[in-house]
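All residue numbers for the sequence shown refer to UniProt numbering, where the first residue is 1 and numbers rise by one. Worksheet for the structure shown next.
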Amino acid sequence: MLLRKSKESYNYKFKSLKTYAWDRAIGNNYKFRSVFDRNEINYLSAEFSFYNKLFDEKDWDAKISIRGVALDGTVVIEEICLQEEEITIKKEQNIIRYYYGWGEEKYGVFWKKGKYRWIASINEKIVGINDFYIEDHGKVTSTDNPYFQVTSLRTYEAPAGDIDEQKREYLKTFDVKTTRFIMGEITFTSKIQPNWLCELFFNFYDDTGTLLGSSDTFGLMEEDKNTISAGYGAKDPGSWIEDNYRLEVVFMDTTVAVILFSVGPQNKERISEFEALMNDDVSGFFNAAHVSESTFSNKADEHAGPVIAPKEDKSNKPVNIKENSGKTLSEIMNKLDALIGLENIKSKVHEYVDYITFLQIRKEKGITDDDEISLHSVFTGNPGTGKTTVVKLLGEIFHAIGLLSKGHVYTVDANDLVSEYIRQTGKKTTEAIEKARGGILFIDEAYILYKKDSLGDFGPEAIAELITEMSDGKGDIAIMVAGYPNEMQSFLKSNPGLKSRFKHHFHFNDYTPDELLLIALYAAAKKNVFFDEPASDKIYKIITNAYRKRDKFFGNARYVFALVDQAKMNLGTRIVKHEQPEKLDEKSLSLIIEEDIEDIAVEMVSKKPRIQIDSVLLNTALEELNQLTGLENIKQEISELVRLTKYYREMKRDVLRTFSLHSIFTGNPGTGKTSVARILGKIYKALGLLERGHLIDADASSLIAGYIGQSALKTKELIEKANGGVLFIDEAYSLTNGRNNEFGQQAVAALIKEMEDQRGNFSLIVAGYTSEMESFIQSNPGLESRFDNKFEFHDFNENELWQIVVSMFKQKSLITDDEAEKHLKMYIAGLHKNRDRFFGNARSMRKIVEKAVRNQELRMADLPMSKRTSDVISKITLSDVQEFEYQKLQTKPTLGFKLAN
């Protein structure tokens, strides 16, 4: 038996065992790979090949076997498939190739994520083994790569075995006399968690399209950012001729990056896309950043950067839509396409415009469609990712194709819609809708309108008005809401009718470091400055470092604009201190060098952008503060805070190192603490101290969890939501009182840590009764030192309480007659005289007004329509308020009054 097998082994010699997707084979062209995605395959096939040692001598018989098994590491855990067949090897066959495949017709069903192995045998003797792998992250196409985002593709010369990354010289033309291997270096950022298998093919073509050679790489991706190199050539010069060439990088049978290069009489250094743009105007700048493959071929000498997933130029496609006056649709679409990055957003907009074109053509042909054209959209993404810019372009696009009569954008923050009073939020939302009519109502941070488990919040009134408009409104409006992804999902789920009203969802990814560098160069061009090469390299390193450390609050484009502002300031300081500016030429006065970047290289990553004071917003916020009844001491302290901040900024002092934004509010209920906190957020935003200025309203239950360790996590999550704005914790002393004391102390400890670590990124305001708040501050030694500001809210006096009532009635277009006024003033006087620490102040007045309004409306309902004159409808009379009679608690002697009839 052994002798027979040994003798038969001389009949053949193993050649290869390879894997390919059955539906990718065209003729005899097989795309062999080792890594596949489950979603792209139905059948996987094996090609088993071997040499016939009895070629041209005689025929012989062989039993061929191919077995597929699943592995866990190196251990076989399951046999997937088995094919055995007796075949005759003809003497005319030099190389025998045997094919077989397994799977199902439906894609993504048979093969699951994991490691597999082909085992090939001849006459029951194993002669070949090949491992292959299945990933499960989504099918890769020319427009969608769920695995990674390419950031660069460059070429360099190297000997056999490659060269260290630090020694690489990137070239676009290679010296024919000295070139050995021409290497491609691709850099990409993972979109998925680390530890996934990546197989790349580097294919080299000449200018006729002939494939010269191919190199493949295979490895485990363990980092977010990865650099992979492979090349083609020989160990000695002479294998290349003078010509033009193209390198394509292929992943999962999809070209993900393309770059051109040439071989000539001498080396020519590759000019990066960023440097090449520095001699162009801003429009050329953008065009170079988004050059198509065909354009790229014609501009090889001007631009040698990567062409990522080449696409058809849709901007020149004929659009059968009637365009309004002003900018043409093609001009607006070109402006959209010129934006840096945002490829997924551009694609979705193009698709929607194409669909509108399709409907228009059908209409012209007399075909009736029931499809409702809805423009309402949800934007998700982190700050500075271009949401506002795209909204403005959408307004122009929808106007150009006749879907909106004006195309303007009316922008509001969610906080701008929310009122402290019942029914007023709905009214403010309706007013915003009417101002946006004909264009787009853009609501930023829309998730603030919904606060889970919150009572007494009027955000749902705004949501209800938005749903009413989107369902049964007058039309001619697009409502677009924006915010962080997770928070926006909660917002959309807050009302059963909300999600279905928004037909379009746009997610704005963070910009890649290369895209951020392009934005930085654009910002510099707008400011009439530019970077030399060392400065450009330095600023790219700063951006990359910031990108790696980014969280959901990373500023993206806003961050790099602040970076450029700081670099320009350093340029000016250097010129004035060390040069004679009047003797310098324009270039010297505009060139940012590495020295100008050094000062910001370390600190800029964590440094807050220097945001200019928004005088309009500041004046509006201060006017809103001053319109509040009473609170004179609060107004005075905030006025002093504003004056000091302006002074510190004028003196170039770091405001946030001088004082923190954290404050203590003490006082009884209804004294205006929440209203002032909301206004203070706007003031901080206007002064450039906070980026967003929104208010997150919470209480102790929002921070305390029922399990050890969870309170700290809940606290950190809440602070993340408040980042860039104000976190307002009412009745904060509840954190350290009661049976949840242990968990509350964990929350307090987490607060203290974040107050310091996130200094300048948010404002914490804790509020409650005076004595309880003093105990709360003393509950942890680290608390008191974290708060620089303490505001004491006094009870309103009788006159102020009356003014609050008058104001509330006025908001409802109501006034009191003389008898009603006299009665209410006496009632309020009695309340104030006998108040205790639980007196509700403005809250108590609100209850009075709401009850009086209800009584008045019931009275109007009983009147004949003929008697409901405008004067009658607008009056609060004695009968509407007569039920308000002050009485003391039953345990005390009566101290009240009752008006005689």
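Where a beta carbon is used, it is the ideal one built from N, C-alpha and C, also for glycine.
Buried or exposed for residue i, going by 16 or more other Cβ atoms inside 10 Å?
i: methionine 480; result: buried
i: proline 383; result: buried
i: leucine 17; result: buried
i: lysine 685; result: buried
i: serine 45; result: buried
i: glutamate 582; result: exposed
i: tyrosine 12; result: buried
i: alanine 234; result: exposed
i: glutamate 883; result: exposed
i: asparagine 761; result: buried
i: asparagine 556; result: buried
i: phenylalanine 286; result: Note on phenylalanine 286: pLDDT 33, under 50, position unreliable in the model; no value is reported.
i: isoleucine 134; result: buried
i: threonine 179; result: buried
i: aspartate 337; result: buried
i: threonine 227; result: exposed
i: isoleucine 308; result: Because the pLDDT of isoleucine 308 is 32, which lies under 50, any placement of that residue in the model is unreliable, and the number read from its coordinates should be weighed accordingly. Burial call: buried.
i: methionine 333; result: buried
Could you check which residue in the options has the C-alpha nearest to that of residue i?
i: proline 513; options: Thr143, Glu47, Phe261 and Lys541; result: Lys541
i: arginine 437; options: Asp444, Ala446, Ser471 and Ala478; result: Ala478
i: phenylalanine 809; options: Glu445, Ala524 and Lys851; result: Lys851
i: glycine 209; options: Ser239, Lys225, Tyr245 and Gly231; result: Tyr245
i: valine 409; options: Leu417, Leu394 and Ile401; result: Leu394
i: isoleucine 440; options: Thr411, Asn415, Ala677 and Phe110; result: Thr411
i: threonine 736; options: Val726, Leu751 and Gly724; result: Leu751
i: proline 237; options: Glu331, Phe181, Gly213 and Thr227; result: Phe181
i: residue 984; options: Gly630, Thr629, Cys198 and Ile129; result: For residue 984 there is no data in the structure shown, the boundaries of the chain being 1 and 901.
i: proline 485; options: Tyr511, His507 and Ile729; result: His507
i: leucine 690; options: Ser701, Asp730 and Ala722; result: Ala722
i: residue 912; options: Leu695, Lys177 and Ser34; result: The displayed coordinates of the chain run from 1 to 901. Any statement about residue 912 would go beyond what the structure contains.
i: leucine 641; options: Met651, Leu687, Gly630 and Ile597; result: Leu687
i: valine 805; options: Ile729, Arg843, Leu571 and Asp162; result: Arg843
i: arginine 168; options: Glu269, Glu135, Glu84 and Arg117; result: Glu269
i: leucine 680; options: His832, Asn528 and Asn789; result: Asn789
i: valine 29; options: Ile683, Tyr20 and Arg548; result: For the sequence presented, residue 29 should be read as asparagine rather than valine. It is Tyr20.
i: aspartate 23; options: Val35, Lys15, Phe14 and Asn42; result: Asn42
i: alanine 732; options: Ser639, Val748 and Lys58; result: Val748
i: phenylalanine 110; options: Glu40, Ala567 and Gln803; result: Glu40
i: asparagine 797; options: His505, Arg835 and Asp472; result: Arg835
Here's a check: name, in chain order, each residue in its chain whose Cβ is nearer than 6 Å to the Cβ of residue i, leaving out the five neighbours to either side.
i: arginine 154; result: Tyr170 and Glu185
i: valine 881; result: Ala820, His823, Leu824 and Ala852
i: serine 734; result: Ala700
i: asparagine 130; result: Leu17 and Trp118
i: threonine 877; result: Asp817 and Ala820
i: leucine 617; result: Ala686
i: glycine 426; result: Glu461 and Glu465
Less than 7 Å between C-beta atoms, sequence neighbours within five positions excluded: which residues of the same chain meet that for residue i?
i: glutamate 594; result: Pro534, Ala535 and Lys538
i: tyrosine 100; result: Ser45, Ala46, Ile66 and Gln83
i: phenylalanine 14; result: Phe50, Val127 and Gly128
i: leucine 571; result: Val529, Ile592 and Asp596
i: leucine 466; result: Thr429 and Ile479
Report the CB separation of residue i from residue j in whole angstroms; it is logged as a contact under 8 Å.
i: aspartate 699; j: threonine 674; result: Not really, about 11 Å apart at Cβ, beyond 8 Å.
i: isoleucine 448; j: asparagine 415; result: 6 Å
i: glycine 108; j: arginine 38; result: 5 Å
i: threonine 770; j: glycine 630; result: About 17 Å separates the two Cβ atoms, so there is no contact after all.
i: glutamate 445; j: aspartate 476; result: About 25 Å separates the two Cβ atoms, so there is no contact after all.
i: alanine 120; j: phenylalanine 48; result: 4 Å
i: tyrosine 547; j: leucine 518; result: With 8 Å as the limit, tyrosine 547 and leucine 518 do not qualify as a contact, their Cβ atoms being about 13 Å apart.
i: alanine 525; j: valine 560; result: Between valine 560 and alanine 525 the Cβ distance is about 13 Å, and since that is not below 8 Å, they are no contact.
i: aspartate 206; j: leucine 212; result: 6 Å
i: phenylalanine 791; j: serine 663; result: 6 Å
Can you list, in chain order, the residues of its chain with a C-beta nearer than 8 Å to that of residue i? Leave out the 5 residues immediately preceding and following it.
i: aspartate 369; result: Leu359, Arg362 and Lys363
Practice task
Evaluate the contact criterion for the segment 261–270 versus the segment 230–247: three or more CB pairs, one atom per stretch, below 8 Å.
Solution key: Pairwise C-beta distances place the segment 261–270 in contact with the segment 230–247, as three or more of them are shorter than 8 Å.
Exercise for the section: Report yes or no: do the segment 426–434 and the segment 391–405 share at least 3 C-beta pairs separated by less than 8 Å? Expected result: The segment 426–434 vs the segment 391–405: no contact.
Practice task
Say whether the segment 187–195 touches the segment 118–129, bearing in mind that this needs 3 or more beta-carbon pairs closer than 8 Å, one atom from each stretch.
Solution key: Of all C-beta pairs linking the segment 187–195 to the segment 118–129, fewer than three are shorter than 8 Å, placing the two stretches out of contact.
Practice task
Please confirm if the segment 70–90 is in contact with the segment 135–154, defined as three or more CB-CB distances below 8 Å between the two stretches.
Solution key: No: fewer than three Cβ pairs fall under 8 Å.
Exercise for the section: Kindly confirm or deny that the segment 76–95 and the segment 51–63 touch, where touching means at least three C-beta pairs closer than 8 Å. Expected result: Flag = yes, the segment 76–95 and the segment 51–63 touch.
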